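*Asks:* Be aware that the sequence shown starts at 2, since it is given in our numbering, and climbs by one per residue. Where is the CB? At the ideal position from N, CA and C, for every residue including glycine. Values in this document were obtained by computation on a predicted structure and should not be read as measured data.
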Amino acid sequence: QTIQFSLPSLLNVFALLMLFYFIFAVLGVFLFNDVTEGIMISEYMNFNDFGRALLTIIQCSTGENWNWLMFDYMRKEPGVFK
2 QTIQFSLPSL LNVFALLMLF YFIFAVLGVF LFNDVTEGIM ISEYMNFNDF
52 GRALLTIIQC STGENWNWLM FDYMRKEPGV FK
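1. Kindly indicate the opening and closing residues of the alpha helix (DSSP H) around W13.
2. Looking at T57: is its Cβ nearer than 8 Å to the Cβ of F48?
3. Which residues in the same chain as G29 place their Cβ atom closer than 6 Å to its Cβ, once the five residues preceding and following it in sequence are excluded?
4. Taking C-beta to C-beta, are F23 and Y74 nearer than 8 Å?
5. Given G39, which residues of its chain have a CB within under 7 Å of its CB, disregarding the five upstream and five downstream residues?
6. Determine the burial state of F11: buried for a count of at least 16 other Cβ atoms within 10 Å of its Cβ, exposed for fewer.
7. So, with DSSP's three-state summary, where would you put Y74?
Encoded structure:
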């Protein structure tokens, strides 16, 4: 019975989380679409389209190598690699 009573609340939390993921995925595509190379940026982990951006956001929210992805997307001067 406890699971049955808590399920509507969990669905609300899940919907809110998906809304945040959607917003940040759209912002990521808008801001970082032109970044094509880096240590963690690959064919599947990038912001080139909405689907890949959503997967990247979900992967970063789990804490899996989010800092390396952040370093790849940081603005750097030409010729500076560190």
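*Replies:* Put simply:
1. Per the sequence presented here, residue 13 reads as Asn, with Trp not at that position. Run containing N13: T3 to F33, per the alpha helix (DSSP H) assignment.
2. yes
3. F48 and A54
4. no
5. D73
6. Before going on, a small fix: residue 11 reads as Leu here, not Phe. The residue is exposed, with fewer than 16 neighbouring Cβ atoms inside 10 Å.
7. helix
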